[in-house]
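Visitor: Mind looking over this structure? Questions follow.
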Amino acid sequence: MPALAVALAREPIPRVREAMMTALIRIGNAASIEVLLPYLRSQEASVRAAAIEALQALPEAIAPFMSPLLNDGDSDVRLLATELARNMEASEATRLLCELIEHEHHPNVCAAAIDVLTEVGTPEALPTLERCSARFAATPFLPFAVSIAMSRISGEES
Amino acid sequence: MDDSKEGSSFAVHISPEQVQRFCEFLYRRTGMSFAESKRYFIDRRLEDRITATGSSSFQEYFSLLRADADQEIEHLINSFTVNETYFYREEHQLRCMTTSLLEAIVCQKKPGSTLRIWSIPCSTGEEPYSIALWLMENWPQVDSYNIEIVGSDIDTRALKAAAEGIYGDRALMRLSHDIIGRYFGPVTGGNHQIDEGLRNSIEFTRANLIDTKDMTQYRDFDLIFCRNVLIYFDDASRRLAAENLYDCLRPGGYICLGHSESMSRISPLFRVSRFPDAIVYQRPEADHG
Chain X
3 MPALAVALAR EPIPRVREAM MTALIRIGNA ASIEVLLPYL RSQEASVRAA AIEALQALPE
63 AIAPFMSPLL NDGDSDVRLL ATELARNMEA SEATRLLCEL IEHEHHPNVC AAAIDVLTEV
123 GTPEALPTLE RCSARFAATP FLPFAVSIAM SRISGEES
Chain Z
1054 MDDSKEGSSF AVHISPEQVQ RFCEFLYRRT GMSFAESKRY FIDRRLEDRI TATGSSSFQE
1114 YFSLLRADAD QEIEHLINSF TVNETYFYRE EHQLRCMTTS LLEAIVCQKK PGSTLRIWSI
1174 PCSTGEEPYS IALWLMENWP QVDSYNIEIV GSDIDTRALK AAAEGIYGDR ALMRLSHDII
1234 GRYFGPVTGG NHQIDEGLRN SIEFTRANLI DTKDMTQYRD FDLIFCRNVL IYFDDASRRL
1294 AAENLYDCLR PGGYICLGHS ESMSRISPLF RVSRFPDAIV YQRPEADHG
């Protein structure tokens, strides 16, 4: 694993980087996650996207890393981490994203979390979403996103 | 999967919001997209799957689907797609092959050189035979190159049927009487067997798209038809399949996918190529760091 991590860090050819990331997905353990996580902070969008895609393919292995990621000091990392919840089990994804939304100040991070909840959220998310809508009343796109999410989760028209 | 409850009268109410949620998931997961006008079609199949899985609500079914319990995604896709395979299916891609792709491929080849085409998965052979027929009927340069067509599938029973080349009327519904008359002969049961020369011209082999070791024996293809299979794979398998397909293509070679699939969602390795008849994906001529 250390050898693969070093090789990935040095590899300039996208096709080979892809293969290395696929190998990490196939290994699929905590060590794979630890190799992939630093790429969430890459300055290159394509590298960040590749890391997200690879990490999303490992919903069980990523679970223990989610809380630290969703509490990271960098709002970009928190925003990307919300996407990792998308393939997780619905109740766990809902719990993690609601915890984030309850204390998150950055509207874009909240919006990203709401977008994921729109697809995977369970009814337990509804109170958190209501509070989020009230808290960000002055940021119109957020109450709008919340209303969509709530209607999809509850199965009722907004 | 126990489908014993399929067709029962048990009915589950599904709201428009739930259908929307389902459609967004389906699109993200498979690339399949349905317009609002297809609402009845979606509702019916969704209700069938909810009933077949014994789910008591949309919510329960959706959780099961997301977790892909008992390979529910495969069952769902099967219920939404036409599994039937027949000659000249997705004809626009065959037309694209002879009007655009082969011209681009052979401009770098000398007359007499080999042109390799791969149909994977080939199921019971309709696709590789369609490729051969289409080339003979529509490509004036067909005799100028040594064309190798390989049909591969993971299912050895399907491969045996492909090698036999016997088909019913439904499989031939898109072919003209003239073509049927020239390339098929009658066999028992009102079926038709494809001409022996054509049967012998195609090599049928077993292959597993996500077995990298298995795939190393398939190299240097100029054109691959890989239709309606990647949508069944999970993310990790799809990545692996895309990488294996990349390695099987010559640099500059093309791959044709099914109409709801997109290689750009699967792998950044390929370049999108838009032609008048179809959108296909190309392995770049060279890897650039």
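Protein chains in written order, with the numbering used here: chain X, 3 to 160; chain Z, 1054 to 1342.
Here a beta-carbon is modelled for each residue, glycine too, at the ideal position from N, C-alpha and C.
(1) Please go through the same chain and pick out, in chain order, the residues whose beta-carbon is closer than 8 Å to the beta-carbon of Ser34/X, but skip the five residues on each side of it.
(2) Use the C-beta contact count for Asp1275/Z: other C-beta atoms within 10 angstroms, 16 or more gives buried, fewer gives exposed.
(3) Hey, could you find the ends of the alpha helix (DSSP H) Thr1083/Z is sitting in?
(4) Confirm, please, whether the CB-CB distance from Ile1184/Z to Ile1343/Z is below 7 Å.
(5) Beta-carbon of Ala1289/Z versus every beta-carbon of chain X: anything under 7 Å?
(6) Return the residues of the segment 44-58 of chain X that lie within a Cβ-Cβ distance of less than 9 Å from chain Z, sorted by chain order.
(7) Of the residues that make up the segment 145-157 of chain X, which ones have a beta carbon closer than 7 Å to any beta carbon in chain Z?
(8) Quick check on this structure: which residue in Glu91/X, Arg17/X, Glu104/X has the alpha carbon closest to the alpha carbon of Val49/X?
(9) Between Val8/X and the rest of its own chain, which residues show a CB-CB distance below 7 Å, the 5 nearest in sequence each way excluded?
(10) Taking 7 Å as the limit between beta carbons, can you name the residues of its chain near Trp1192/Z, skipping five residues before and five after?
(11) Please state if the CB of Leu57/X and the CB of Leu86/X are separated by a distance shorter than 7 Å.
(12) Does the segment 1222-1241 of chain Z come close enough to the segment 1281-1292 of chain Z to have 3 or more Cβ pairs within less than 8 Å?
(13) Identify, in the order they occur along the chain, each residue of the same chain with its Cβ nearer than 6 Å to the Cβ of Ile1255/Z, setting aside the five sequence neighbours on each side.
(14) Comparing the C-beta of Ile27/X with each C-beta of chain Z, is any distance below 7 Å?
(15) If you reduce the DSSP assignment to three classes, tell me which class Gln45/X lands in.
(16) Identify each residue in the segment 1307-1331 of chain Z for which the Cβ-Cβ distance to at least one residue of chain X is less than 8 Å, and report them in chain order.
(17) Using a Cβ-Cβ cut-off of less than 7 Å, give me the residues of the segment 1077-1097 of chain Z that come near chain X, in sequence order.
(18) Since Ala1331/Z and Cys1149/Z are thought to touch, with beta carbons under 8 Å apart, how far apart are those beta carbons, to the nearest angstrom?
(19) Can you grab the Cα-Cα spacing for the pair Arg88/X / Tyr1307/Z, in whole Å?
(20) When DSSP builds the beta bridges, which residues end up paired with Asn1378/Z?
(21) Given a threshold of 16 other Cβ atoms within 10 Å of its Cβ, counted over all protein chains shown, does Gly1221/Z qualify as buried or as exposed?
(22) Can you give me the Cβ contacts of Ser1062/Z inside the same chain, cut-off strictly under 6 Å, excluding the 5 residues immediately before and after it?
(23) I'd like to check one pair, Ile1284/Z with Thr1083/Z: are the Cβ atoms closer than 7 Å?
(24) Within 10 angstroms of the Cβ of Gln1071/Z, are there 16 or more other Cβ atoms? Answer buried if so, exposed if not.
(25) Could you tell me which residues DSSP puts in a beta bridge with Pro1239/Z?
(26) Confirm, please, whether the CB-CB distance from Phe1133/Z to Arg1098/Z is below 7 Å.
(27) With a CB to CB cut of under 7 Å and the five nearest residues on each side skipped, what residues in its chain are close to Gly1060/Z?
(28) Considering only C-alpha positions, which residue in the set Lys1091/Z, Ala1088/Z, Leu1228/Z, Asp1123/Z is nearest to Ala1105/Z?
(29) State the Cα-Cα distance for the pair Pro66/X and Arg1327/Z, rounded to the nearest angstrom.
(30) Excluding the 5 residues flanking Asn110/X on each side, which residues of the same chain have their C-beta closer than 8 Å to its C-beta?
(31) Check this for me: beta carbons of Arg1227/Z and Phe1140/Z, under 7 Å apart or not?
(32) Is Tyr1334/Z helix, strand or coil when you go by DSSP?
(33) Can you list, in chain order, the stretches of the beta strand (DSSP E) that have 3 or more residues and sit fully within the segment 1088-1175 of chain Z?
(34) From the DSSP output, read off the bridge partner residues of Phe1274/Z.
(35) By DSSP, does Leu119/X sit in helix, in strand, or in coil?
Guide: Taking the coordinates as given:
(1) Excluding positions up to five away in sequence, the list reads Met3, Leu26, Ile27, Leu60, Ala63.
(2) Buried is the call here.
(3) Per DSSP, Thr1083/Z belongs to the alpha helix (DSSP H) from 1069-1083.
(4) Residue 1343/Z lies beyond the stretch modelled for chain Z, which goes from 1054 to 1342, so this question has no answer here.
(5) Taking Cβ atoms only, chain X reaches closer than 7 Å to Ala1289/Z, which makes this a yes.
(6) Going along the segment 44-58 of chain X in chain order, one finds Ser48, Ala51, Ala52, Glu55, Ala56, Gln58 with a Cβ nearer than 9 Å to chain Z.
(7) So the list reads Ser153, Arg154, Gly157, given in the order they occur along the chain.
(8) The shortest C-alpha separation from Val49/X is found at Arg17/X.
(9) Cβ within range, chain order: n/a, list empty.
(10) By the criterion of a C-beta distance shorter than 7 Å, Trp1192/Z is surrounded in its chain by Thr1151, Leu1155, once the five residues flanking it on both sides are discounted.
(11) Yes, the pair counts as a contact, with Cβ atoms nearer than the cut-off.
(12) Between the segment 1222-1241 of chain Z and the segment 1281-1292 of chain Z, the count of C-beta pairs closer than 8 Å stays below three; the two stretches do not touch.
(13) Pro1181, Ile1202, Gly1204, listed in sequence order.
(14) For Ile27/X, the answer is yes, since a Cβ of chain Z falls inside 7 Å of its Cβ.
(15) In the structure shown, Gln45/X adopts coil according to DSSP, grouped into three states.
(16) Going along the segment 1307-1331 of chain Z in chain order, one finds Ser1320, Pro1321, Leu1322 with a Cβ nearer than 8 Å to chain X.
(17) Taking 7 Å as the Cβ-Cβ cut-off, the segment 1077-1097 of chain Z approaches chain X at Glu1077, Phe1078, given in chain order.
(18) Right, their Cβ atoms sit about 4 Å apart.
(19) Approximately 32 Å, taken between the alpha carbons.
(20) Absent from the model: residue 1378/Z. The displayed extent of chain Z is 1054 to 1342, so no value can be given.
(21) Sixteen is the threshold: since fewer than 16 other Cβ atoms of the shown chains lie within 10 Å of the Cβ of Gly1221/Z, the residue is exposed.
(22) With a pLDDT of only 48 at Ser1062/Z, under 50, the local geometry of the prediction cannot be trusted, and the value read off the model is given with reservation. Non-local beta-carbon contacts of Ser1062/Z in its own chain, meaning distances under 6 Å to residues more than five positions away in sequence, are absent.
(23) In this structure, Ile1284/Z lies closer than 7 Å to Thr1083/Z by Cβ.
(24) By the 16-neighbour rule on beta-carbons within 10 angstroms, Gln1071/Z is buried.
(25) Looking at the DSSP assignment, Pro1239/Z forms a beta bridge with His1245/Z.
(26) Yes, they are a contact pair.
(27) Reliability fails at Gly1060/Z, whose pLDDT of 44 lies under 50, so the model's placement of it is uncertain and no value is given.
(28) Its Cα nearest to that of Ala1105/Z, the residue Asp1123/Z stands out among Lys1091/Z, Ala1088/Z, Leu1228/Z, Asp1123/Z.
(29) CA-to-CA, the gap between Pro66/X and Arg1327/Z works out to about 43 Å.
(30) Excluding sequence neighbours, Asn110/X sits near Ser77, Leu81.
(31) Here Arg1227/Z is near Phe1140/Z, since their CB atoms are less than 7 Å apart.
(32) Of the three classes helix, strand and coil, the one that applies to Tyr1334/Z here is strand, per DSSP.
(33) Qualifying beta strand (DSSP E) stretches, in chain order: 1167-1172.
(34) For Phe1274/Z, the beta-bridge partners assigned by DSSP are Leu1302/Z.
(35) In the structure shown, Leu119/X falls within a helical segment according to DSSP collapsed to helix, strand and coil.
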